[in-house]
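Numbering (the UniProt record's numbering), first residue to last: 1 to 392.
Every residue gets a Cβ at the ideal spot worked out from N, C-alpha and C, and that includes glycine.
See below for the structure under consideration.
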Amino acid sequence: MSGERVPRRRRRPLRALAAALTVGLGLLCCTGGTAAFFLTELGGDSAESMTPMSLECTGDFRVDVTGDMPRMADYGESQLRNAAKIIGVGQEMKVPARGWVVAVATAMQESALRNLANRTVAESQDLPNEGVGADHDSVGLFQQRASWGSVKQRMTPEYAARKFYEKLLTVPGWEQLPLSVAAQKVQVSAFPDAYAKHETVASQIVDALAGGAARTTMVANRQTCDAASGKRVAASGWTAPIAGAVGSGFRTAQRPGHDGVDIGARKGTPIHAAASGRVLVARCDPDNSGRESCDVDGYPGKGGCGWFVDILHPDERSGGIVTRYCHMVTRPRVHPGQTVAAGEVIGEVGSSGNSSGPHLHFEVHEDGDRSARSAIDPVPFMRSRGAPLKAE
Ligand SMILES: [Zn+2]
């Protein structure tokens, strides 16, 4: 994410942000002080890694289609302007911001945000275009086929976006569906899994062009910043797994091997998947003696993550994000290979494994990797997704 350029006026200098994060973490670390967690089977300490950047959630979500456009990731000026047009139509139609993310991610997959003509559709090549594709008779940002409208209509970004949203809004429960499922129901693509990998950058584009709108959640029909928790999912597709403040932070001076954060909660509190994805692991982590005794409360020094779940969330840029949820009270409700939706309950808070009392130990890893090497600080990561770890 370091290579991206975003609009200067909305970007905090890296150093200032890093300093702010350091101060924030300094405060968090000192309120904790529970015992160390060894995660016996799951790796030890490792070097610091990059924390993800995020943009402010300004409350001013109105997109400007005519102004200067930033470059983001591999997308240039004209591609970002197409994204702005897609977002603008969504705003006109009063589609919630989640729909803008789904639409932008879909156009990223279908056309790389280019208004494409088609080699086999002669008429399309006489119209203004940003490249030529060859898929059936598909044209435009969303690669819509002839049944969606005339060639000229489908190569008009606003028309194409409107048709996309019209169909999306007919999909029951589309806001709760994983992005790949929602997009597939509109597009009926031969490669349904291809959409989800664009979710992160699509969210960043929506954030950059519409005041941090991917960090919003609809609360009482209003776009609300940083309010995603439990079943309430942000436009980015993320949600805090439980409501609650971080008691013990990520790799603090006292606990340099602590690769996640601890969030205190009552035993039995439902734990929600932080985003849609595939369950990699759901089982009892052996303790320091190699015993798999997770149905009883653990204690500091016992070792192990207790009953725990790892979920893989596809992400083109980072190779996949893995989230981990430890110390559940009973066997997780999900099983390896299962696909889960954001906000789905995967288990309940407990104190199994190396734990001094009921809490959720929550980790975030990059590179599609489960080892300690790839762990990043969940606090700035979840904040950047509009799903901060905080008390309600
Ligand atoms: Zn912990």
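Item: Alpha helix (DSSP H) runs wholly inside the region 92-178, at least 4 long, in chain order; Value: 97-111, 122-125, 151-154, 157-168
Item: Three-state secondary structure (DSSP) of Pro270; Value: strand
Item: 3-residue-minimum beta strand (DSSP E) runs that sit fully inside the UniProt domain "M23ase beta-sheet core" (257-370), ordered along the chain; Value: 261-264, 270-272, 277-284, 307-313, 321-328, 345-348, 359-365
Item: Best match in Thr217, Glu366, Tyr195 for proximity to Gly59 [C-alpha to C-alpha]; Value: Thr217
Item: Candidates Leu141, Lys167, Thr170, of which the one nearest residue 402 by Cα; Value: Residue coverage of the chain in this structure runs from 1 to 392, which leaves residue 402 outside it and unanswerable.
Item: C-alpha gap between Phe308 and Met328, whole angstroms; Value: 6 Å
Item: Distance, Ala341 Cα to Arg278 Cα; Value: 9 Å
Item: Segment contact, 8 Å Cβ cut-off, at least three pairs: the region 312-321 with the region 290-299; Value: no
Item: Beta-carbon proximity check, Met155 vs Leu127, cutoff 7 Å; Value: yes
Item: His365: CB within 6 Å of a non-hydrogen atom of ligand 1; Value: no
Item: heavy atom of ligand 1 below 6 Å from Gly260 C-beta; Value: yes
Item: Neighbourhood of Ser49 by C-beta distance below 6 Å, restricted to the same chain and skipping five residues each side; Value: Note that Ser49 scores 28 on pLDDT, short of 50, meaning its location in the model is unreliable; the coordinates nonetheless yield the value given after this. So the list reads Ile376, once near-sequence residues are dropped.
Item: Gln223 in three-state terms, based on DSSP; Value: strand
Item: Of the residues Ala122, Ser138, Ala117, His136, the one placed nearest Glu130, counting alpha carbons only; Value: Ala117
Item: Identity of the residues DSSP links to Arg232 by a beta bridge; Value: Ser229
Item: Ligand 1 heavy atom lying under 6 Å from the CB of His361; Value: yes
Item: Residue(s) in a DSSP beta bridge with Thr217; Value: Thr224
Item: Collapsed DSSP secondary structure at Ser248 in the structure displayed; Value: strand
Item: Paired residues, beta bridge with Ala240 - DSSP; Value: Ser229
Item: C-alpha distance - Arg306 paired with Tyr299, whole-angstrom precision; Value: It should be pointed out that residue 306 corresponds to Gly in this sequence rather than to Arg. Each residue's Cα considered, the two are about 11 Å apart.
Item: Buried or exposed (CB count within 10 angstroms, at least 16 for buried), Asp285; Value: buried
Item: beta-carbon Pro336 near ligand 3 non-hydrogen atom, thresh 6 Å; Value: As presented, the structure is devoid of ligand 3, carrying ligand 1 as its sole ligands.
Item: Backbone CA spacing between Ala274 and Gly350 [nearest angstrom]; Value: 18 Å
Item: Own chain residues within Cβ distance below 8 Å of Val63, not counting five before or after; Value: Ala84, Ile87, Gly88, Gln91, Leu209, Ala210
Item: Met69 in three-state terms, based on DSSP; Value: coil
Item: Minimum C-alpha distance to Gly257 - residue among Ile263, Ala235, Gly249; Value: Gly249
Item: Unbroken alpha helix (DSSP H) run spanning Gln204, endpoints; Value: 199-209
Item: Paired residues, beta bridge with Tyr75 - DSSP; Value: Met72
Item: Residue interval of the alpha helix (DSSP H) (run including Pro192); Value: No alpha helix (DSSP H) holds Pro192; DSSP gives it neither H nor E.
Item: N-terminal and C-terminal residue of the alpha helix (DSSP H) that Ser384 is part of; Value: 378-384
Item: Sub-7 Å separation of Ala103 and Ala213 beta-carbons; Value: no
Item: CB contact flag (Gly237, Leu179, <7 Å); Value: yes
Item: Residues near Leu113 in its chain [Cβ-Cβ closer than 7 Å; skip 5 each side]; Value: Tyr75, Gln79, Asn82, Ala83, Ala107, Leu141
Item: Of the residues Gly343, Val334, Ser352, the one placed nearest Gly301, counting alpha carbons only; Value: Ser352
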